[in-house]
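Only one structure is covered here, and it is reproduced in the block below.
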Amino acid sequence: MKLPDSIQDFLREGSISVGHAKVIMAIPDAATQIKVAEEVARGLLSVRETEQRITGILGAAGRGVRKIPAGTDRSAGPEIDPNVAAAAQRLTRALATKVRIVKKGGRGRIEIEFYTDEELQRLFEFLMTAEKGH
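Start counting the sequence shown at 1; every next residue gets the next number (my numbering).
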């Protein structure tokens, strides 16, 4: 199955990961695929949350996966610093994979997703090349 051009653009830009794209392919119609991909690109859904969202959309029951209603309010969580969100987006584009910055108080961590050994190797080489440049 081929993804719509706009979703392929999100993938090339690093706005969504390969994992997200694979999950989105389970949706039969392009309009819904694009809607979910846009949510992912805005940073609203992890791959697991995307799977759950799609399960809810498709009406699939069971297998221990909790359905997330379409109108679920995601704003109830902690407020996200726009500077941290922008930094995560820049890293996502630079590394061509999903990057999250988890910050708590003055501390935190940067999480870089990868889905294959080859992708891990590519990320490692990219980061090591960046290290040599400084």
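C-beta: ideal position from N, C-alpha, C; glycine also.
Problem - Top-ranked residue by Cα proximity to Ile10, from Asp81, Glu49, Glu119, Ala37 - result: Here residue 10 turns out to be Phe, not Ile, going by the sequence shown. Taking only the C-alpha atoms, the option nearest Phe10 is Ala37.
Problem - Length at least 4, wholly inside the segment 82-122: the alpha helix (DSSP H) runs in chain order - result: 82-95
Exercise for the section: Check the Cβ-Cβ distances between Arg42 and every residue of chain B, and say whether any is below 8 Å. Expected result: Judged by its chain identifiers, the structure shown contains no chain B, having just a single protein chain.
Practice task
Determine the direct distance from the alpha carbon of Ser6 to that of Gly106, and round the result to whole angstroms.
Solution key: 37 Å
Practice task
Measure the beta-carbon distance from Val23 to Ile54 and round it to whole angstroms, keeping in mind my assumption that it falls under 8 Å.
Solution key: 6 Å
Exercise for the section: Check whether the Cβ atoms of Thr92 and Gly14 lie closer than 8 Å to each other. Expected result: yes
Handout entry: Leu44, DSSP secondary structure in three states
Key = coil
Problem - Opening and closing residue of the alpha helix (DSSP H) in which Ile135 lies - result: Any answer about residue 135 is impossible in this case: the structure gives the chain only from 1 up to 134.
Handout entry: From Ile27, Ala87, Ala130, residue whose alpha carbon lies closest to that of Gly56
Key = Ile27
Handout entry: Buried versus exposed call for Glu51 [16 or more other C-beta atoms within 10 Å across all chains shown]
Key = buried
Handout entry: Proximal residues to Ile110 (C-beta, below 6 Å), its chain only, five neighbours per side dropped
Key = Ile101
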